[in-house]
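Protein chains: 2
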Amino acid sequence: MKINSKGWALLTDLYELTMAACYFENEMDQPATFSLFIRSYPPGRNFFVAAGLADALSYLENLRFTPEDLSSLERTGLFKPAFLEYLKNFRFTGEVWAIPEGRLFFAEEPLLEVRAPLIEAQLVETYLINTLNLQVMIATKAARCVAAAQGRPLVDFSLRRTQGRDAGLKVARASYIAGFIGTSNVLAGKEYNIPIYGTMAHSFVVSFPSELAAFRAFAQTFPENTIFLVDTYDSLAGVRKAVKAGRELKKAGIPLKGIRLDSGEIVRLSQAARRILDEAGFKETMIFASGAFDEYKIQQILAKGAEVNSFGVGTKMGVSADAPYLDMAYKLVQYNGRPVLKLSPGKMTLAGEKQVFRFYNQEGQMAKDILGLRWEQFERGELLLERFMSQGKITKALPSLVEIRERFLGEFATLDASYKEISSHPPRFPVDYSPALRKLQQETIREVREKELGES
Amino acid sequence: MKINSKGWALLTDLYELTMAACYFENEMDQPATFSLFIRSYPPGRNFFVAAGLADALSYLENLRFTPEDLSSLERTGLFKPAFLEYLKNFRFTGEVWAIPEGRLFFAEEPLLEVRAPLIEAQLVETYLINTLNLQVMIATKAARCVAAAQGRPLVDFSLRRTQGRDAGLKVARASYIAGFIGTSNVLAGKEYNIPIYGTMAHSFVVSFPSELAAFRAFAQTFPENTIFLVDTYDSLAGVRKAVKAGRELKKAGIPLKGIRLDSGEIVRLSQAARRILDEAGFKETMIFASGAFDEYKIQQILAKGAEVNSFGVGTKMGVSADAPYLDMAYKLVQYNGRPVLKLSPGKMTLAGEKQVFRFYNQEGQMAKDILGLRWEQFERGELLLERFMSQGKITKALPSLVEIRERFLGEFATLDASYKEISSHPPRFPVDYSPALRKLQQETIREVREKELGES
Chain A
1 MKINSKGWAL
11 LTDLYELTMA
21 ACYFENEMDQ
31 PATFSLFIRS
41 YPPGRNFFVA
51 AGLADALSYL
61 ENLRFTPEDL
71 SSLERTGLFK
81 PAFLEYLKNF
91 RFTGEVWAIP
101 EGRLFFAEEP
111 LLEVRAPLIE
121 AQLVETYLIN
131 TLNLQVMIAT
141 KAARCVAAAQ
151 GRPLVDFSLR
161 RTQGRDAGLK
171 VARASYIAGF
181 IGTSNVLAGK
191 EYNIPIYGTM
201 AHSFVVSFPS
211 ELAAFRAFAQ
221 TFPENTIFLV
231 DTYDSLAGVR
241 KAVKAGRELK
251 KAGIPLKGIR
261 LDSGEIVRLS
271 QAARRILDEA
281 GFKETMIFAS
291 GAFDEYKIQQ
301 ILAKGAEVNS
311 FGVGTKMGVS
321 ADAPYLDMAY
331 KLVQYNGRPV
341 LKLSPGKMTL
351 AGEKQVFRFY
361 NQEGQMAKDI
371 LGLRWEQFER
381 GELLLERFMS
391 QGKITKALPS
401 LVEIRERFLG
411 EFATLDASYK
421 EISSHPPRFP
431 VDYSPALRKL
441 QQETIREVRE
451 KELGES
Chain B
457 MKINSKGWAL
467 LTDLYELTMA
477 ACYFENEMDQ
487 PATFSLFIRS
497 YPPGRNFFVA
507 AGLADALSYL
517 ENLRFTPEDL
527 SSLERTGLFK
537 PAFLEYLKNF
547 RFTGEVWAIP
557 EGRLFFAEEP
567 LLEVRAPLIE
577 AQLVETYLIN
587 TLNLQVMIAT
597 KAARCVAAAQ
607 GRPLVDFSLR
617 RTQGRDAGLK
627 VARASYIAGF
637 IGTSNVLAGK
647 EYNIPIYGTM
657 AHSFVVSFPS
667 ELAAFRAFAQ
677 TFPENTIFLV
687 DTYDSLAGVR
697 KAVKAGRELK
707 KAGIPLKGIR
717 LDSGEIVRLS
727 QAARRILDEA
737 GFKETMIFAS
747 GAFDEYKIQQ
757 ILAKGAEVNS
767 FGVGTKMGVS
777 ADAPYLDMAY
787 KLVQYNGRPV
797 LKLSPGKMTL
807 AGEKQVFRFY
817 NQEGQMAKDI
827 LGLRWEQFER
837 GELLLERFMS
847 QGKITKALPS
857 LVEIRERFLG
867 EFATLDASYK
877 EISSHPPRFP
887 VDYSPALRKL
897 QQETIREVRE
907 KELGES
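Residue numbers (the numbering used here), protein chains in the order written: chain A, 1 to 456; chain B, 457 to 912.
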């Protein structure tokens, strides 16, 4: 199993461990709450799709320092024996509140809050951000592609250029949550039970004596799965050869499933290919397009009348090319019952343990969110954060990937279409601070200023 | 060990396996050569740093389909028993030529060429691109940061926002090759023996009753490693508190190592911090800066006179934010002795097995490269591609990471400074095609056109 979360205790920033050592020496291990949220939207974005919680919880539940980890830490010469002994028995014993996977959320809203003894809550920061940042970013990017494709099926083709192996797996999962129908990634198919798809490469075509020979051979081996790649030499000549091979299939009673265009002017080529196929009686044969697609290019070519039935969406989705990271942070908001914050310019945090309350209009469409404190209640306000872990154990049955995907598609349908349009300045979904959160924030800022900056 | 390459046989695109099945049925398993290269430069780039070969070779040497992999493939219903039986005994038995890690190379030049029976050479495509794309991209980005920092030490701080766990490890390794002095990533430190660095977080400061109390506690636990984060509430007030804690250290004969600025106007704040430190007698105390640094921001603030001694370089390097993927391709260039290519618009390949010949001027600076055929020879032309694997086994002792890093730093010094300037239209290093490569290309294009497009 490649996707487990054991053995990753050292996949952390050194400062998590040095701070922990210092807390340990100072017996500072009172309950701390950290809030994980995205500070602001990357350009063009105005919503986020929750993803990655299953991995995060699995990490927390299984976190252990192995003897090998401990000797490695000892060799750094930084840590005292008592602290290493503490790490030997380390378990995460805290509580986790989170927005379930597949739900929509917005900037500043906590995706997850950890409440645990300070050392534990601090130590898990790096890993939690690493896994949630990636999966939210990709699910969000993929959701934008799904919206742009207006119902046309999309397949994740990104594995070769995802940033590493782990990303390859998580991109397949996150894009599936966001409505993709499957992936080319065979391991992701196996590990997550996601449908897998594939056609053929140019190298396949050129390794045969001729393009037609390549199509015939493929049809022989996979008669039910014929999507011929037609652009190796000349796309429209390739379509005519696909038709030739398709006629041979037809005689055996097997339909020509599709052709794939992977380069050139897709609008013109897809229209011409459609005509060639239709005139030859292959009206059911689909046109599959790949090659540098993302939400922008999908929208653009469909607006120009491209005759594409389905897309392979690769690199630009798989690395979220126009926004390859999120401004995701994990900040201490309460320690030992005391609300805390930092005032750093442009990075001020909101104090206190939080909840997000969602409101719908009479048509069942999402109307607004209120970001408030955990104990608050609002009539008809749906609670977004749910408790998933207590005392270090998962306390809630996690939904299957298919259930998460359905939840996303259902929720996405309740988000007004205006929020899904591709735009450099998309409208912002309304998120208000609750009066109680505002009050706590003002009080905490005043206290901190008085104490640290001598203001009164 | 997290970084081994066993168990990844299914981390591949489905089409690699369907094509392989078709080759298998057609007994098409003659020697094939695939060339892995970067088609063109992303915006602003004009060189690449070779990285990732150790991983690629380890993958090839260890590639096996486990019984679990095979049952999973069987369950797809796509593959016949004879092919699955073939996969059961699958080994990579081919030859690999590659440019060693740490060397500079340029667009179109093969970073690696695989010569193996067609099925084997095809099956490894996805993994090879995945790992080499990431590592070359990051080493290149990191080298740009190193150039911009003009000798100031850089530390990789990107782990929390690398795209997944695997990227976290490989970014640490690739940036170290490119001249970074270390990483915050503890696991990368352990696995690759890279120096690890860390300071403290804002959460550390806010969890103490006061900022000064936080500094004192840290100095108590790590007296030799005091880099105080000063911007939690107000940066210059923070510097004054660092001075206070530093005076207490001084009494014990221990120097205040540094302060860290993580937000705000770094130019102004670093100059003011320097004055405060100098006036208090802390002339040796370094100013460490972090927060959204990359080659552009490093260059900009140094040009404006920022008083920064060292940088933590995070997210933007760790995802290569301005160029989060490379146009890396793995293309069949020869099959069964016959040179092959594809003509797809904008994606035409160069036929034949290749070599890169490098020439230096009299001052020992890199002067030009010639991209030619494998068998060619040029007087004083240094051969970039070396044979690293024969019959599926590594045949060359691989250099240590420190040796790779030294090789890079040595070679980078022979690249004229004009190529290292940050520019949206950087000058191009001259790479010529050899006459023999040109001739082969023209002949192959003519043959393909005649055969496939009926041209004469």
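Here a beta-carbon is modelled for each residue, glycine too, at the ideal position from N, C-alpha and C.
Local Cβ density within 10 Å of residue i, reported as buried at 16 or more and exposed below that
{"i": "Val96 (chain A)", "result": "buried"}
{"i": "Lys316 (chain A)", "result": "buried"}
{"i": "Gly337 (chain A)", "result": "exposed"}
{"i": "Trp375 (chain A)", "result": "exposed"}
{"i": "Ala82 (chain A)", "result": "exposed"}
{"i": "His202 (chain A)", "result": "buried"}
{"i": "Met457 (chain B)", "result": "Note that Met457 (chain B) scores 36 on pLDDT, short of 50, meaning its location in the model is unreliable; the coordinates nonetheless yield the value given after this. Burial call: exposed."}
{"i": "Gln442 (chain A)", "result": "exposed"}
{"i": "Arg275 (chain A)", "result": "exposed"}
{"i": "Glu16 (chain A)", "result": "buried"}
{"i": "Leu705 (chain B)", "result": "buried"}
{"i": "Lys895 (chain B)", "result": "exposed"}
{"i": "Tyr902 (chain B)", "result": "Looking at the sequence provided, one finds Arg at residue 902 (chain B) rather than Tyr. Exposed, by the Cβ-count rule."}
{"i": "Asn4 (chain A)", "result": "Its pLDDT being 49, under 50, Asn4 (chain A) is placed unreliably in this model, and the coordinates cannot settle the point."}
{"i": "Ser912 (chain B)", "result": "In this prediction, Ser912 (chain B) has a pLDDT of 49, which is less than 50 and means its spatial position is unreliable; what the coordinates show is noted afterwards. By the neighbour-count rule (16 or more Cβ atoms within 10 Å), Ser912 (chain B) is not buried but exposed."}
{"i": "Ala417 (chain A)", "result": "exposed"}
{"i": "Lys283 (chain A)", "result": "exposed"}
{"i": "Leu437 (chain A)", "result": "buried"}
Contacts that residue i makes with chain A (C-beta to C-beta distance below 9 Å)
{"i": "Leu467 (chain B)", "result": "Lys2, Leu159, Arg165, Gly168, Leu169, Asn185, Val186, Leu187, Ala188"}
According to DSSP, residues forming a beta bridge with residue i
{"i": "Asn641 (chain B)", "result": "A:Asp13"}
{"i": "Ser766 (chain B)", "result": "B:Phe744"}
{"i": "Val505 (chain B)", "result": "B:Leu560"}
{"i": "Arg33 (chain A)", "result": "Note on residue identity: the sequence assigns Thr, not Arg, to residue 33 (chain A). Paired residue(s): A:Arg115, A:Gln334."}
{"i": "Pro795 (chain B)", "result": "B:Gln790"}
{"i": "Phe359 (chain A)", "result": "A:Lys368"}
Closer than 7 Å at the beta carbon, the chain A residues around residue i
{"i": "Tyr816 (chain B)", "result": "Per Cβ cutoff of 7 Å: no residues; Tyr816 (chain B) is ~33 Å from chain A at best."}
{"i": "Phe660 (chain B)", "result": "Met19"}
{"i": "Pro801 (chain B)", "result": "Ser263, Gly264"}
{"i": "Ala595 (chain B)", "result": "Those within 7 Å of Ala595 (chain B) in chain A number zero; the least Cβ separation is about 13 Å."}
{"i": "Asp687 (chain B)", "result": "Ser344"}
Per-residue contacts from residue i into chain B (C-beta, under 8 Å)
{"i": "Ile177 (chain A)", "result": "Result: empty, since nearest Cβ-Cβ is about 16 Å, beyond 8 Å."}
{"i": "Phe222 (chain A)", "result": "Thr474, Ala477, Cys478, Leu534"}
{"i": "Glu403 (chain A)", "result": "Residues of chain B passing the Cβ test: none, with the nearest at roughly 22 Å."}
{"i": "Asp234 (chain A)", "result": "Leu799, Glu908, Leu909"}
{"i": "Ala242 (chain A)", "result": "What Ala242 (chain A) touches in chain B: nothing, since even the nearest Cβ is about 13 Å away."}
{"i": "Leu60 (chain A)", "result": "By Cβ distance, chain B contributes nothing, its closest Cβ being about 15 Å from Leu60 (chain A), past 8 Å."}
{"i": "Tyr502 (chain A)", "result": "Since the displayed chain A opens at 1 and closes at 456, residue 502 (chain A) lies outside it and no answer follows."}
{"i": "Asn133 (chain A)", "result": "Arg616, Arg617"}
{"i": "Val448 (chain A)", "result": "Tyr689"}
Chain-ordered neighbours of residue i on chain A, where CB pairs are closer than 8 Å
{"i": "Ile652 (chain B)", "result": "Leu14, Thr76"}
{"i": "Lys787 (chain B)", "result": "His202, Ser203"}
{"i": "Leu509 (chain B)", "result": "Result: empty, since nearest Cβ-Cβ is about 16 Å, beyond 8 Å."}
{"i": "Thr549 (chain B)", "result": "Within 8 Å Cβ-Cβ: nothing; Thr549 (chain B) doesn't reach chain A, min ~18 Å."}
Residue i: contacting residues in chain B (beta-carbon distance under 7 Å)
{"i": "Ser72 (chain A)", "result": "Lys646"}
{"i": "Glu443 (chain A)", "result": "Per Cβ cutoff of 7 Å: no residues; Glu443 (chain A) is ~15 Å from chain B at best."}
Between the region 98 to 112 of chain A and the region 398 to 418 of chain A, do at least 3 Cβ pairs fall closer than 8 Å? Contact check between the region 98 to 112 of chain A and the region 398 to 418 of chain A: three or more CB pairs, one atom from each, fall below 8 Å, which counts as touching.
Taking only beta carbons into account, state which residues of the region 298 to 327 of chain A come closer than 7 Å to chain B, listed in chain order. Residues passing the 7 Å Cβ filter: Thr315, Val319, Ala321, Pro324, Tyr325.
The region 182 to 190 of chain A touching the region 143 to 162 of chain A, judged by at least three CB pairs closer than 8 Å: At 8 Å Cβ cutoff, the stretches touch.
Could you tell me whether the region 784 to 802 of chain B touches the region 485 to 493 of chain B, using the rule of 3 or more Cβ pairs below 8 Å? A contact exists between the region 784 to 802 of chain B and the region 485 to 493 of chain B.
When you check each C-beta in the region 664 to 678 of chain B against every C-beta of chain A, which residues fall closer than 8 Å? Residues Phe664, Ser666, Glu667, Ala673, Phe674, Gln676, Thr677, Phe678.
Under 8 Å, with one C-beta from each stretch per pair, do the region 250 to 266 of chain A and the region 214 to 230 of chain A reach the 3-pair mark? Output reads yes: the region 214 to 230 of chain A touches the region 250 to 266 of chain A.
Using 8 Å as the cut-off, can you tell me whether the region 111 to 125 of chain A makes contact with the region 139 to 151 of chain A, which would need three or more C-beta pairs spanning the two stretches below that distance? Pairwise C-beta distances place the region 111 to 125 of chain A out of contact with the region 139 to 151 of chain A, as fewer than three of them are shorter than 8 Å.
Chain D contacts from the region 116 to 130 of chain A (Cβ-Cβ distance under 9 Å): The structure shown contains no chain D; its protein chains are A and B.
Taking only beta carbons into account, state which residues of the region 25 to 36 of chain A come closer than 8 Å to chain B, listed in chain order. Correct list: Glu25, Asn26, Met28, Ala32, Phe34.
May I ask you to verify whether the region 300 to 316 of chain A touches the region 324 to 337 of chain A, counting CB pairs closer than 8 Å and requiring at least 3? These segments do not touch.
Pair every Cβ in the region 586 to 596 of chain B with every Cβ in the region 804 to 818 of chain B, then say whether three or more of these pairs are closer than 8 Å. With a cut-off of 8 Å on Cβ pairs, the region 586 to 596 of chain B is not in contact with the region 804 to 818 of chain B, counting fewer than three such pairs.
Is the number of C-beta pairs between the region 217 to 224 of chain A and the region 495 to 502 of chain B that are closer than 8 Å three or more? Touching, no, given that fewer than three Cβ pairs across the two stretches are closer than 8 Å.
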